[in-house]
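Q:
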Amino acid sequence: GWRIGIRSFDGRRYYYYAHMRKNHPYNNTLAEGQVVKAGDVIGYLGMTGYSNKQNVNAIKTPHLHFGMQLIFDESQKEGVNEIWIDVYNIVKLLQKNRSAVEKDKDLNDYFRVYDIKDPAVPQETSPL
2 GWRIGIRSFD GRRYYYYAHM RKNHPYNNTL AEGQVVKAGD VIGYLGMTGY
52 SNKQNVNAIK TPHLHFGMQL IFDESQKEGV NEIWIDVYNI VKLLQKNRSA
102 VEKDKDLNDY FRVYDIKDPA VPQETSPL
């Protein structure tokens, strides 16, 4: 199925989203390598997955598979040394602090209403 992975700037966290919507899994403005901030709409939950073909609804209930991997050294990126954490409590916290979104009818996508300043995102600097 459709999925997306996002790495933190320090490379110590990997966020994994899977089983995304058929035919429109990602926000149309999203591009590989693009910086995203907390609250950005990156994609849409769906029923894709468990198939050897892409873009197939093979799951009966719409949902999002979300995972978070911790990486303290290169040996933990893949294989038996991977560290995946239970994200249940993180999701509960985020649910209490949702970002308001609105649909852009021209792009047929949703976007966060209020911008936030995320200290983890490098700020653009202007030349002196």
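Numbered per this note's numbering, the sequence shown finishes at 129, counting up by one with no gaps. Glycine included, each C-beta is placed from N, C-alpha and C at the ideal position. Given the structure is predicted, the values throughout are model-derived calculations rather than measurements.
Cα separation between GLN77 and VAL122?
A: Taking the first residue of the sequence shown as position 1, residue 77 is located at position 76. Taking the first residue of the sequence shown as position 1, residue 122 is located at position 121. Whole-angstrom Cα-Cα distance: 24 Å.
Q: Compute the Euclidean distance between the alpha carbons of GLY40 and ARG113, then round it to the nearest angstrom.
A: The sequence position of residue 40 within the sequence shown is 39, counting from 1. The sequence position of residue 113 within the sequence shown is 112, counting from 1. Going from the Cα of GLY40 to the Cα of ARG113 covers about 7 Å.
Q: Measuring only the C-alpha atoms, how far is ALA59 from GLY47?
A: If you number the sequence shown from 1, residue 59 lands on position 58. If you number the sequence shown from 1, residue 47 lands on position 46. Their Cα atoms are separated by approximately 10 Å.
Q: Taking 7 Å as the limit between beta carbons, can you name the residues of its chain near ASP107, skipping five residues before and five after?
A: Taking the first residue of the sequence shown as position 1, residue 107 is located at position 106. Excluding positions up to five away in sequence, the list is empty.
Q: Please specify which runs of the beta strand (DSSP E), each continuous and at least 3 residues long, are wholly inside the region 52-119, giving them in chain order.
A: Counting whole runs of 3 or more residues, the region 52-119 contains the beta strand (DSSP E) stretches 66-71, 84-86, 102-105 and 110-113.
Q: Tell me, please, which residues DSSP counts as bridged to TYR17.
A: In the sequence shown, the residue the question calls residue 17 occupies position 16. Paired residues: GLY6 and GLY68.
Q: Three-state secondary structure (DSSP) at TYR27?
A: Indexing the sequence shown from 1 puts residue 27 at position 26. The answer is strand: DSSP assigns TYR27 an E or B state.
Q: Strictly by DSSP, which residues pair up with GLY44?
A: The count along the sequence shown starts at 1 and reaches residue 44 at position 43. Answer is TYR27.
Q: So, is ALA32 buried or exposed, given that buried needs 16 or more other C-beta atoms within 10 angstroms?
A: On the sequence shown, position 31 is the one that residue 32 refers to. Counting Cβ neighbours within 10 Å, ALA32 comes out exposed, since fewer than 16 surround it.
Q: Comparing C-alpha positions only, which one of TYR17, PHE10, ILE84 and LYS97 sits nearest to GLN124?
A: In the sequence shown, the residue the question calls residue 124 occupies position 123. The candidate whose alpha carbon is nearest that of GLN124 is PHE10.
Q: Tell whether a beta-carbon distance below 7 Å holds between ASN28 and VAL37.
A: Locating residue 28 in the sequence shown gives position 27, counting from the first residue. Locating residue 37 in the sequence shown gives position 36, counting from the first residue. Not in contact: ASN28 and VAL37 (Cβ atoms no closer than 7 Å).
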